[in-house]
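Peer 1:
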């Protein structure tokens, strides 16, 4: 309800609506925001060795109930190392190509002879 100093009141139609609602058996209960949350019990699962936190137990339990199983755990360090190596290879190759191309352009401007690799960057 608005505070008394707002001077807001219900209209007759709003009052009648509330009376009708009460006569029809309206049930009042406390608003959900005033209720203390109840934490659910962490479910048991056959895949507890797969779980690394509480949420994983719920996921594993749901998978288990559907006859599924979680994917195998990969070592994050191996995945990250492989990804990093791929990025470095791509980056090193791109950097080498850019350096070679810049060298070729500088030599052309200076009127110097190009190596075969430098000439290939100009043609490509």
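Residue numbers (the working numbering): 166 to 289. Quick reminder that beta carbons are idealized off the backbone N, C-alpha and C, glycines included. Note that the coordinates shown come from a computational prediction; the quantities given were computed from them, not determined experimentally.
Taking the alpha helix (DSSP H) that residue 230 belongs to, which residues open and close that run?
Peer 2: Unbroken alpha helix (DSSP H) run through residue 230: 219-230.
Peer 1: Using beta-carbon positions only, say whether residue 283 and residue 268 come within less than 7 angstroms of one another.
Peer 2: Against a cut-off of 7 angstroms, the Cβ pair of residue 268 and residue 283 comes out as a contact.
Peer 1: Just to confirm, are residue 219 and residue 207 a CB contact at a threshold of 7 angstroms?
Peer 2: Yes, they are a contact pair.
Peer 1: Can you check whether the CB of residue 229 is closer than 7 angstroms to the CB of residue 210?
Peer 2: Yes; because the gap between Cβ atoms is below 7 angstroms, this pair is in contact.
Peer 1: In this structure, does DSSP put residue 262 in helix, strand or coil?
Peer 2: Reduced to three states, the DSSP call for residue 262 is helix.
Peer 1: Using DSSP with H/G/I as helix, E/B as strand and the rest coil, what is residue 253?
Peer 2: Residue state, collapsed to three classes: helix.
Peer 1: If we count the other Cβ atoms within 10 Å of its Cβ and call it buried at 16 or more, is residue 225 buried or exposed?
Peer 2: So residue 225 ends up on the buried side.
Peer 1: What is the rounded straight-line gap between the Cα of residue 186 and the Cα of residue 205?
Peer 2: Roughly 35 angstroms separates the two Cα atoms.
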